[in-house]
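Student: Be aware that the sequence shown starts at 58, since it is given in my numbering, and climbs by one per residue.
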Amino acid sequence: MAQFLMPAHTCLAEEAWQVTAKIWGAMGKKDWNEVERLANQANRTWGESARKANNQITKLPGKDEAKGYATLNELATITYLKGEALYKKGDRNGALAAYYTLIADFNYGQCWDKAGWWWQPAFAARDRIAELTPGSQTEVSIDADPLPANLALDGKKGICFTLRKSNQSGSVEENLPKIQATRSYWNYSWGMELVEEQPSKMEFMPMAWGAWGMDGFVQSVRKHIVPQIQSGVTKRVLGFNEPDKKEQANMSYQDALKYWPVLEELGVPL
58 MAQFLMPAHT CLAEEAWQVT AKIWGAMGKK DWNEVERLAN QANRTWGESA
108 RKANNQITKL PGKDEAKGYA TLNELATITY LKGEALYKKG DRNGALAAYY
158 TLIADFNYGQ CWDKAGWWWQ PAFAARDRIA ELTPGSQTEV SIDADPLPAN
208 LALDGKKGIC FTLRKSNQSG SVEENLPKIQ ATRSYWNYSW GMELVEEQPS
258 KMEFMPMAWG AWGMDGFVQS VRKHIVPQIQ SGVTKRVLGF NEPDKKEQAN
308 MSYQDALKYW PVLEELGVPL
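(1) Buried or exposed for residue 190, going by 16 or more other Cβ atoms inside 10 Å?
(2) If you reduce the DSSP assignment to three classes, tell me which class residue 114 lands in.
(3) Using 10 angstroms around the beta-carbon of residue 178, count the other beta-carbons present and answer buried if the total reaches 16, otherwise exposed.
(4) Could you tell me which residues DSSP puts in a beta bridge with residue 297?
(5) So, do the stretch 240–258 and the stretch 129–144 have three or more beta carbon pairs nearer to each other than 8 Å?
(6) So which of 181, 154, 261 and 319 has the shortest CA-CA distance to residue 219?
(7) For residue 320, I'd like the list of residues in its chain whose CB is within less than 8 Å of its CB, leaving aside the five on either flank, ordered along the chain.
(8) Between residue 74 and the ligand MN, is the CB less than 8 Å from at least one heavy atom?
(9) Which residue from 289, 134 and 167 puts its Cα closest to that of residue 84?
(10) According to DSSP, is residue 232 helix, strand or coil?
(11) Between residue 96 and residue 73, is the Cβ-Cβ spacing less than 9 Å?
(12) Whole angstroms is fine: what's the gap from residue 101's alpha carbon to residue 93's?
(13) Once the 5 residues before and after residue 157 are set aside, which same chain residues still bring their CB inside 6 Å of it?
(14) By the 10 Å Cβ neighbour count, where 16 or more other Cβ atoms means buried, how is residue 184 classified, buried or exposed?
(15) Please state if the CB of residue 242 and the CB of residue 214 are separated by a distance shorter than 9 Å.
(16) Give me whichever residues DSSP pairs with residue 261 in a beta bridge.
(17) Residue 128 to residue 239, Cα distance in whole Å?
(18) Thinking C-alpha only, which one of 119, 312, 130 and 248 is nearest residue 103?
(19) DSSP on residue 266, reduced to helix/strand/coil?
(20) Report all residues from its chain with a CB closer than 8 Å to the CB of residue 251; omit the five preceding and five following residues, and keep chain order.
(21) Could you name each continuous alpha helix (DSSP H) segment of 4 residues or more that falls completely within the stretch 77–151, going from the start of the chain to the end?
(22) Which residue wins for smallest C-alpha separation from residue 112, given the options 78, 162 and 86?
(23) Quick check on residue 77: buried or exposed, where buried means 16 or more other Cβ atoms within 10 Å of its Cβ?
(24) Verify whether the separation of the beta carbon atoms of residue 126 and residue 181 is less than 9 Å.
(25) Nearest-angstrom Cα distance between residue 122 and residue 226?
(26) In chain order, what residues of the same chain lie with their CB nearer than 6 Å to the CB of residue 160, ignoring the 5 residues before and after it?
(27) Go to residue 215, then tell me how far its beta strand (DSSP E) extends in each direction, as first and last residue.
(28) Which residues does DSSP list as the beta-bridge partners of residue 221?
This is the structure in structure tokens:
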């Protein structure tokens with residue numbers, strides 16, 4: 058089971074948080090029926106509010122912004138735990154129903170893991186669905202234009218700085234002058250997204266930092282990396298990031314082997 062902790066919350070969602078805490082307690086006691094009862098209670102009380110919040114979002118909120126979606130975070134975690142409880146009980150269909158509900162209604166909910174990293178319960182739900190319904194999974198295929206013949210960089214020097222949108226930590230305004238001052242020939246920023254302000258004479262290399270679910274990973278690659286390759290902007294991709302600290306090493310080699318073929322199908326050097 059994915060090792061989730063309490064989701065981000067504020068005093069406005071104190072009651073929902075209390076139910077989440079009770080569910081964790083019931084999970085620890087392996088009282089699956091109590092987990093299901095509490096989860097159903099939470100859905101009746103806060104489900105509609107959480108669904109409305111989820112429907113107003115088009116992408117995962119940033120860490121600070123996510124705190125404003127406390128009820129959504131709670132319901133995402135609670136629904137995932139309900140699925141886990143039903144899974145432990147041997148109720149495969151009930152577990153699948155919970156996981157599909159999570160993806161449909163609370164897809165953008167987030168929570169902390171024990172190492173202090175953000176996780177999306179919906180990603181874990183997709184992995185569970187793949188595990189419980191292996192025959193329904195289709196082969197991953199990403200079509201990309203042929204690689205340009207000339208792969209040579211103008212120089213070897215590269216630099217890593219985040220280039221995020223305005224008003225975000227590591228924004229373009231903050232870091233672009235630093236990047237330009239290094240006179241580097243290529244750069245990366247621990248992510249896939251290419252910003253409009255990217256210097257034209259500096260090659261951006263998108264990075265697949267990690268993966269927490271096949272569907273979400275493929276969608277991100279299709280959204281951010283494939284168009285860059287097709288336009289000729291991206292000629293190579295950086296694979297999974299090597300962690301600086303042991304607590305960051307949260308991808309098993311089995312997962313890496315599972316997700317790596319998605320990157321290989323891009324047809325560019327990795």
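C-beta atoms are modelled at their ideal positions from N, C-alpha and C, and glycine is treated no differently.
Bear in mind the structure is a predicted one, so any value in this text is a computation, not a measurement.
Tutor: A quick look at the data gives this:
(1) The residue in question, residue 190, is exposed, as its Cβ has fewer than 16 Cβ neighbours within 10 Å.
(2) Here residue 114 sits in coil by DSSP.
(3) Counting every other CB atom within 10 Å of its CB across the protein chains shown gives residue 178 a total of 16 or more, marking it as buried.
(4) Under DSSP, residue 297 forms no beta bridge with any residue.
(5) Verdict: no, contact absent.
(6) Looking only at 181, 154, 261 and 319, the smallest Cα-Cα distance to residue 219 is reached by 261.
(7) If we look at residue 320 and ignore the five residues flanking it on each side, its Cβ neighbours are 265, 278, 294, 296 and 327.
(8) With respect to the ligand MN, the structure offers nothing, as it holds no ligand at all.
(9) Selected option, being the one with the closest Cα: 134.
(10) Helix at residue 232.
(11) No, the Cβ-Cβ distance between residue 96 and residue 73 is not below 9 Å.
(12) Between residue 101 and residue 93, the C-alpha separation is close to 12 Å.
(13) The answer is none, since no qualifying residue turns up.
(14) Here residue 184 is buried: its Cβ has 16 or more other Cβ atoms, across all protein chains shown, within 10 Å.
(15) The answer is yes: Cβ separation under 9 Å.
(16) DSSP output for residue 261 lists 244 as bridge partner(s).
(17) CA-CA distance, residue 128 to residue 239, rounds to 44 Å.
(18) Ranking 119, 312, 130 and 248 by CA distance to the CA of residue 103 puts 130 first.
(19) In the three-state reduction of the DSSP assignment, residue 266 falls in the coil class, being assigned neither a helical nor a strand state.
(20) Closer than 8 Å at Cβ, skipping near neighbours: 261, 263, 281, 285, 290 and 291.
(21) Counting only runs of 4 or more, we get 89–112, 120–123 and 127–146.
(22) The residue from 78, 162 and 86 with its alpha-carbon nearest to that of residue 112 is 162.
(23) Residue 77 is buried by the Cβ-count criterion.
(24) Cβ atoms of residue 126 and residue 181: not closer than 9 Å.
(25) Roughly 12 Å separates the two Cα atoms.
(26) Closer than 6 Å at Cβ, skipping near neighbours: 179 and 182.
(27) Unbroken beta strand (DSSP E) run through residue 215: 215–217.
(28) According to DSSP, residue 221 shares a beta bridge with 228.
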